[in-house]
Structure formats: C-alpha cells, structure tokens
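There are 2 protein chains.
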Amino acid sequence: MKDVQVLAFDIFGTVVDWHGSIVREMQALHPQVDGDAFAIAWRAGYKPAMARVMSGELGWTRIDDLHRIILDQILPQFGLEGLHEEQRVHLNKVWHRLAPWPDSVEGLTRLKRRYTICSLSNGNIGLLTNMAKRAGLPWDCVLSAEVFRAYKPDPATYLGVARVFDLAPQEVALVAAHHDDLAGARACGLRTAYIERPLEFGATRPKDVAPRPENSLHCASLTALADQLGL
Amino acid sequence: MKDVQVLAFDIFGTVVDWHGSIVREMQALHPQVDGDAFAIAWRAGYKPAMARVMSGELGWTRIDDLHRIILDQILPQFGLEGLHEEQRVHLNKVWHRLAPWPDSVEGLTRLKRRYTICSLSNGNIGLLTNMAKRAGLPWDCVLSAEVFRAYKPDPATYLGVARVFDLAPQEVALVAAHHDDLAGARACGLRTAYIERPLEFGATRPKDVAPRPENSLHCASLTALADQLGL
Chain C
1 MKDVQVLAFD
11 IFGTVVDWHG
21 SIVREMQALH
31 PQVDGDAFAI
41 AWRAGYKPAM
51 ARVMSGELGW
61 TRIDDLHRII
71 LDQILPQFGL
81 EGLHEEQRVH
91 LNKVWHRLAP
101 WPDSVEGLTR
111 LKRRYTICSL
121 SNGNIGLLTN
131 MAKRAGLPWD
141 CVLSAEVFRA
151 YKPDPATYLG
161 VARVFDLAPQ
171 EVALVAAHHD
181 DLAGARACGL
191 RTAYIERPLE
201 FGATRPKDVA
211 PRPENSLHCA
221 SLTALADQLG
231 L
Chain F
1001 MKDVQVLAFD
1011 IFGTVVDWHG
1021 SIVREMQALH
1031 PQVDGDAFAI
1041 AWRAGYKPAM
1051 ARVMSGELGW
1061 TRIDDLHRII
1071 LDQILPQFGL
1081 EGLHEEQRVH
1091 LNKVWHRLAP
1101 WPDSVEGLTR
1111 LKRRYTICSL
1121 SNGNIGLLTN
1131 MAKRAGLPWD
1141 CVLSAEVFRA
1151 YKPDPATYLG
1161 VARVFDLAPQ
1171 EVALVAAHHD
1181 DLAGARACGL
1191 RTAYIERPLE
1201 FGATRPKDVA
1211 PRPENSLHCA
1221 SLTALADQLG
1231 L
C-alpha cells in the first residue's frame, strides 16, 4: 500500500448498514411487515437491475430509479400495494438515510489525515451526498457510477478514479466488503482492502469473512484499517 | 431564496483568489517574471480554450490539460521557454493550490449548516478536490464540468446540479463573482447570488462590482452571504 494516495470506498454494506437501516425504518413505518425479508428482497433486485443497464436493455438509469422499479415490484409481495406515490417516494429515499457502521465516521476521519478519501459507489451522487451530510461521512470527494456512466465492476469505474486524480492504478486502493468488487478493482491494477462486515445481511445470515490472500489488506473495520495504516 | 436547498459555487475568483495565488507562486519560483502579467495572460487563454472544446474543435478536455496548453503557449513570452517537463507539470498544478479568499472557509462552513454546498466549476474534479483538501473548503459534494461533460455557461451544467439533487431549478442557487455565469444560471431558472470580488484581477485592475437588480442576492463576501441568509 506504500504508493497509495487515494482510498476509494464502496458504500452499501462497507461504510453503511443497509440491512439494519431498512429493517429499522420498516419497523417504524410498517411494523406488520417482515423488515428483514423486505430488505433482502429489495437488495436482491439490485444486481439484476444494474445488469439491465449495463447490457443496454435500459438506458443509463440512476440507482434511485432502479431502487424504485424494484420497490414497486416487491410491495405487493409484502401486502403494501396500497402505498400511495408520496409514501413510495419517501420509502425509496431510505437509501439516502442509511446509517454508518459504528466505526465508519471515526475510521474515515483518521484515514483522511493522510489519504484523499472518496466514495466509489453504484449509488448516485445525490444519494451519496445526502447520506454523507446526514451521517457525517467526511468525503474529500463524492465519486459515483453516475460520474463514469458505468456500474461496478465495470473497469471504467475503477480506472475512472485513477484518471480523475491523475494517478496510476496502483496509487489507488478500493476499500470494500465484497470480494467481487475487490476482484474488479484488482484486475485494473488497484490495491484492495477487504473490510469484514459479517452482519451485512442481518444477524440470521452471517457472511463468511475469512481472509483471502489476494487482497492487499484485511481488516475488521475502518478503524482497524486506520490502525493498520498507522493513522 | 426561500425554496433554495442547494448552493452551487463558482470557484476561480469567487471562492479562491487565482490572481494573487499565481502572483505569489511566480514571485517564489521565477521572481524575474512579472507575475501579475503572467497570471493575466494565463487566465486570458481560459475562455478561448473552453470554446474550442464546446465547439467540437477539441474533444472533451479537462481544465488541467487546457491550462497546460495555454501555459506552453505563454512561457516563451515571459522568457520561460527553458522550463523542463517536471517544472511545467508543477507550475500547471498551481491551479490546485489556489488560496481561498479570507472569508471563504468561514462563510462556507456557516452556509453548510442549512444548505447542501457544492462546487460548480469548470475546473476538473481532481483539481477541485486537491484544492478543497489543501484549503479546507468543506464541500458536501464536488461538482464540476467534468461530471456533466460541458463547460459553463452551457445549460447542462446548471440544470445538471438540479438533476443530481432531484430538485427544481429554483431550488438551486448559483453563487458567483461573474455576471455571465449568473446570467447562464438565471436563464435555466436558478436563483443567483453575486459576490463582490473587486480585486479578482489584482489591485491594479479593480472590477466594477455595482449591484445588478437581476440577481437574487448581492453580497460583499461569503460571510456576508451567510449573514444575509441568517446563518
């Protein structure tokens, strides 16, 4: 990691807890619904929806709009087909209101002392900015699939970060809790830091977070990443 | 301004003092050169260079690269044709090192309490991010011509800010020290705040900063803007 100048962070699952945040909102708004199953169903539509964009079946579409398409599809499965437009708009924006993991703000604040820290998320710029402002995520710069008009793991996203900062790929590290994202970055020459988020999918679906040797770093949290980097 | 949620800031001249910063760097690096004339000559190439991009004569080109084209053109006029590549690269990055006006950091910090604050500059994302990190400009989000692939005053830039945040144009205000920029924003339906920067072009070229009735607000500085907005 010695040449690294920019740390680019995956967001959903890595910096913020999408599952827990959606469960809590559902408990508050629609307590009759199984919030855990609802969160899982919503998130399950995410990769297929992005694939429709990247295959060209859909033109460029932001995650806010993909989330809404999926939401409209799953509401009837949870007895919520009666939600009116304003309620759907509000619920869809739960992705702007996701809460950070307990270590995220402190970890980012420490990492920012030495590195330029930016998001590199499939979330759109407005979503990421609203989230950061609410949660206190101290980005130097909000980068998004929306800037590069391509979704991760498209190389245009990882190489796009290097190009924005006029750096070689090995001067950028991707920080993520997902091996497929890290593999995409590594294939482009970026360094990679894996963050354990064993409860990303909720307490009943613990994730295998065993170290894999292909990553440059393996850390339990963003504060652990700061520790490992001497910050 | 009552519906405004996002304040988008012009950067060069409005938030940072390009003329004074370049003069100081030239005094330190090349004291034999007239830094004032050098800064003016460099900046004078800026609009014509962007016009070559927007006319299609040049493909999409970032400001860093346009600054470099202009720099290479003017160096011989100042007896600096002997600068080697590394010196040219360093000098070209002076635009990443521009100093804020004395009121900028305090003004932005206060405005950020109520508004989402972002840059809307023809500068590229990396330039704006490096500048913000060095100067302590507390953006919620760095927006740039590079995101919209169009230079101000193209409507795609002003309307692009509204679209990023899913807002109507009148919910966004452009804050700038240049009437042509504000006129472009106003034509798209944005609110406008004019900031007096009488010494933008140096002490020997005071600018007419008389109020014009077409702007929503007229302020002496960014702290005065915060005052006017009750922050």
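Quick mapping for you: the protein sequence lines, in order, are chains C and F. At position 24 of the first sequence (counting the first as 1) the number is 24 in the numbering used here, and the numbers step up by one without a gap. Every number in the numbering used here is 1000 more than the matching position in the second sequence, counting from 1. Heads up, the beta-carbon is just placed ideally off N, CA and C, and yes, glycines get one too.
- Item | Element boundaries [beta strand (DSSP E), containing residue 8(C)] | Walking along the first sequence from the start, residue 8(C) turns up at place 8. Looking at the DSSP string, the run of the beta strand (DSSP E) that includes residue 8(C) is 6–9.
- Proximity of residue 1123(F) and residue 1012(F) at Cβ, strictly below 8 Å: Taking the second sequence and counting its residues from 1, one reaches residue 1123(F) at position 123. Taking the second sequence and counting its residues from 1, one reaches residue 1012(F) at position 12. Their beta carbons are under 8 Å apart, which means residue 1123(F) touches residue 1012(F) by this criterion.
- Closer than 7 Å at the beta carbon, the chain C residues around residue 1126(F): The residue given as residue 1126(F) occupies position 126 in the second sequence. Residues of chain C passing the Cβ test: 164, 165, 166.
- Task: Name the two residues that bound the continuous beta strand (DSSP E) containing residue 1121(F).
- Result: If you number the second sequence from 1, residue 1121(F) lands on position 121. Its beta strand (DSSP E) spans residues 1116–1121.
- Once you ignore the five residues that flank residue 202(C) on each side, which residues in its own chain have a CB closer than 8 Å to its CB? Within the first sequence, the letter at position 202 stands for residue 202(C). Correct list, in chain order: 19, 20, 23, 36, 39, 40.
- Measure from the C-beta of residue 1175(F) to each C-beta in chain C and report whether the shortest distance is under 8 Å. Indexing the second sequence from 1 puts residue 1175(F) at position 175. With 8 Å as the cut-off, residue 1175(F) does not count as an interface residue toward chain C.
- Where the beta strand (DSSP E) containing residue 162(C) begins and where it ends: Taking the first sequence and counting its residues from 1, the one referred to as residue 162(C) is at position 162. Unbroken run through residue 162(C) is the alpha helix (DSSP H), 155–164; no beta strand (DSSP E).
- Which residues in chain C sit within 7 Å of residue 1157(F), going by Cβ to Cβ distance? Taking the first residue of the second sequence as 1, we reach residue 1157(F) at position 157. Residues of chain C passing the Cβ test: none, with the nearest at roughly 14 Å.
- Item | Residue span of the beta strand (DSSP E) that contains residue 1191(F), given as start and end | Residue mapping note: residue 1191(F) aligns to position 191 of the second sequence, counting from 1. 1191–1195 is the span of the beta strand (DSSP E), which, as asked, contains residue 1191(F).
- For the alpha helix (DSSP H) containing residue 21(C), list its first residue and its last residue. The count along the first sequence starts at 1 and reaches residue 21(C) at position 21. Residues 18–29.
- Task: Please name the residue, chosen from 31(C), 213(C), 194(C), that lies closest to residue 177(C) on a Cα-to-Cα basis.
- Result: In the first sequence, the residue the question calls residue 177(C) occupies position 177. Checked all of 31(C), 213(C), 194(C); the closest Cα to residue 177(C) is 194(C).
- residue 199(C) bridges to which residues according to DSSP? For the purposes of this step, residue 199(C) is taken as the residue at position 199 of the first sequence. According to DSSP, which records beta bridges pairwise, residue 199(C) is partnered with nothing at all.
- Nearest neighbour of residue 4(C), chosen from 109(C), 115(C), 164(C), 56(C) [CA to CA]: Start at 1 with the first residue of the first sequence, and residue 4(C) comes out as number 4. Of the candidates 109(C), 115(C), 164(C), 56(C), the one whose C-alpha sits nearest the C-alpha of residue 4(C) is 115(C).
- Message: Buried or exposed, going by whether 16 or more other CB atoms sit within 10 Å of the CB of residue 60(C)?
- Response: Numbered from its first residue, the first sequence carries residue 60(C) at position 60. So residue 60(C) ends up on the exposed side.
- Item | Cutoff 8 Å; reference residue 1110(F); Cβ partners in own chain excluding five residues on either side | Taking the first residue of the second sequence as 1, we reach residue 1110(F) at position 110. Same-chain partners within the cutoff: 1223, 1226, 1231.
- Message: Under 8 Å, Cβ to Cβ, is there at least one residue of chain F near residue 16(C)?
- Response: Here residue 16(C) corresponds to residue number 16 of the first sequence, with the count starting at 1. No, because no Cβ of chain F sits closer than 8 Å to the Cβ of residue 16(C).
- Task: Please confirm if residue 152(C) has its CB atom under 8 Å from at least one CB of chain F.
- Result: The sequence position of residue 152(C) within the first sequence is 152, counting from 1. With 8 Å as the cut-off, residue 152(C) does not count as an interface residue toward chain F.
- Kindly say whether residue 141(C), judged by its beta-carbon, lies nearer than 8 Å to any beta-carbon of chain F. On the first sequence, position 141 is the one that residue 141(C) refers to. Interface residue, yes.
- Could you pull out every residue in the same chain whose Cβ sits closer than 7 Å to the Cβ of residue 1017(F), ignoring the five residues on either side in sequence? Position 17 of the second sequence, counted from the start, is the residue given in the question as residue 1017(F). 1098, 1099, 1101, listed in sequence order.
- Query: Any Cβ of chain C within less than 8 Å of the Cβ of residue 1061(F)?
  - Reply: As a position in the second sequence, residue 1061(F) is number 61, starting the count at 1. Closer than 8 Å: no.
- How about residue 174(C) and residue 185(C): are their beta carbons less than 8 Å apart? As a first step, residue 174(C) must be located in the first sequence, where it is residue number 174. As a first step, residue 185(C) must be located in the first sequence, where it is residue number 185. Yes, Cβ-Cβ distance for residue 174(C) and residue 185(C) is below 8 Å.
- Compute the distance between the beta-carbons of residue 1319(F) and residue 1147(F), then report whether it is under 8 Å. Nothing can be reported for residue 1319(F), as the shown portion of chain F is limited to 1001 through 1231.
- Task: If I'm right that residue 1139(F) touches residue 1119(F) with Cβ under 8 Å, what's the distance once you round it to whole angstroms?
- Result: Position 139 of the second sequence, counted from the first residue, corresponds to residue 1139(F). Position 119 of the second sequence, counted from the first residue, corresponds to residue 1119(F). About 6 Å separates the two Cβ atoms, so the contact holds.
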